[in-house]
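Chemist: The C-terminal residue of the sequence shown carries number 117 in our numbering, and the numbering is unbroken. Here a beta-carbon is modelled for each residue, glycine too, at the ideal position from N, C-alpha and C. Once you've had a glance at the structure underneath, I'll fire off some questions.
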Amino acid sequence: MSRGAGYLVTARDPSTWEPVQVAPVMDVRAVPAAGVVVFADFTEMVAYGAEGLRWRTKRLSWDGLKIVQVTERSIIGEYWDMRTEVTQTFEVDLATGAQKGGVDE
13 MSRGAGYLVT
23 ARDPSTWEPV
33 QVAPVMDVRA
43 VPAAGVVVFA
53 DFTEMVAYGA
63 EGLRWRTKRL
73 SWDGLKIVQV
83 TERSIIGEYW
93 DMRTEVTQTF
103 EVDLATGAQK
113 GGVDE
């Protein structure tokens, strides 16, 4: 992490790196049971496994995505839906990135 940007760096060769595909990184969750590390910005999430980028969600929120629970199989979050003026929830499958809920479901 540097100034909100995330980077994946190879421990054996620090000259080999790539930027995380969300910015700024607002939340990071390691989920060992699913073999992923999930990065979130204000509106979407990406997951990386040992082989690299595993999935990227569609837009989950207009702004202010908040992760509220992590299980071995999914991430559950909240966002403010300006269309309904109500806090809504979403769930993302950790294996596939498939989402239930969110603004671009």
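Quick one: give me the first and last residue of the beta strand (DSSP E) that residue 51 is part of.
Modeler: If you number the sequence shown from 1, residue 51 lands on position 39. First-last of the beta strand (DSSP E) with residue 51: 48-52.
Chemist: Determine the closest residue to residue 95 out of 75, 70, 29, 60, with distance taken between C-alpha atoms.
Modeler: As a working mapping, residue 95 is identified with position 83 in the sequence shown. Among 75, 70, 29, 60, the Cα nearest to that of residue 95 is on 75.
Chemist: Looking at the strands, I want to know which residues DSSP matches up with residue 56.
Modeler: As a first step, residue 56 is located in the sequence shown; it is residue number 44 there, counting from the start. Paired residues: none, contrary to the question.
Chemist: Taking the alpha carbon of residue 22 as the reference point, which residue from 41, 50, 31 has its own alpha carbon closest?
Modeler: By one-based count along the sequence shown, residue 22 stands at place 10. Cα-wise, what sits closest to residue 22 is 31.
Chemist: With a cut-off of 9 angstroms, does the C-beta of residue 55 fall near any C-beta of chain B?
Modeler: Considering every chain present, this structure includes no chain B. It has just one protein chain.
Chemist: Measuring CA to CA, which of 91, 80, 87 is closest to residue 72?
Modeler: Taking the sequence shown and counting its residues from 1, the one referred to as residue 72 is at position 60. Out of 91, 80, 87, 91 has the C-alpha closest to the C-alpha of residue 72.
Chemist: Run through the DSSP bridge pairs and tell me what residue 17 is partnered with.
Modeler: As a working mapping, residue 17 is identified with position 5 in the sequence shown. Residue 17 pairs with 14.
Chemist: Can you tell me the Cβ-Cβ gap for residue 70 and residue 113, rounded? I've got them flagged as a contact below 8 angstroms.
Modeler: Indexing the sequence shown from 1 puts residue 70 at position 58. Indexing the sequence shown from 1 puts residue 113 at position 101. Actually they are not in contact, since the Cβ atoms of residue 70 and residue 113 sit about 11 angstroms apart, beyond 8 angstroms.
Chemist: May I ask which residues mark the beginning and end of the beta strand (DSSP E) holding residue 65?
Modeler: Along the sequence shown, one-based indexing puts residue 65 at 53. It spans 64-68 - the beta strand (DSSP E) in which residue 65 sits, taken as one unbroken run.
Chemist: Rounded to whole angstroms, what's the CA-CA distance from residue 35 to residue 100? Just pull it up for me.
Modeler: Residue mapping note: residue 35 aligns to position 23 of the sequence shown, counting from 1. Residue mapping note: residue 100 aligns to position 88 of the sequence shown, counting from 1. The alpha-carbon atoms of residue 35 and residue 100 are separated by roughly 23 angstroms.
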